[in-house]
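Below is one structure, written out as structure tokens; the observations come after it.
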Amino acid sequence: CGRHGQLGLGHDVLQSDRFKRVPSLTNISHVACGQNHTVAWSNEEKALYVWGDNRHQQLLLMTDKYKHIFKPEKIDIDVKQNVRKLISGWTHFLLWLQDGSLL
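Once you know that position 58 of the sequence shown is 968 in our numbering, the rest is easy, because the numbers rise by one and skip nothing.
Next up, the structure:
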């Protein structure tokens, strides 16, 4: 299940039959999984992390450089409030913010 990097454990770990902590992440408040990608949010840091398949630019990174992300990549977005929920679909994700707006 991890050949596109959606496990976030690097190029060497493409599957696992057990839960494994993603070592580079701490203080994560929300996680959501799409078809072949994963996104995580930290309310403490106000930071978004993405990894996995990016062929449709669903991870907000340019596809010519980043087709597959095998470790969490911090995305620079300007969000100053907490996230209520992180929602992910087939090739997209949404942040449902504390004020009720979607990003």
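Built from N, CA and C at the ideal position, the CB exists for glycine as well.
Given P933 as reference, the closest of H966, E983, D974, L1012 once Cα atoms are compared
E983
Supposed close pair V989, W1006 - CB separation, criterion 8 Å
So it is not a contact: roughly 11 Å between Cβ atoms.
Endpoints, beta strand (DSSP E) assigned at S952
947-952
Could you tell me which of L996, W1000, T1001 sits nearest to G1010, measuring between CA atoms?
L996
Own chain, CB closer than 7 Å to N953, minus 5 neighbours either side, in chain order:
S939, N992, V993
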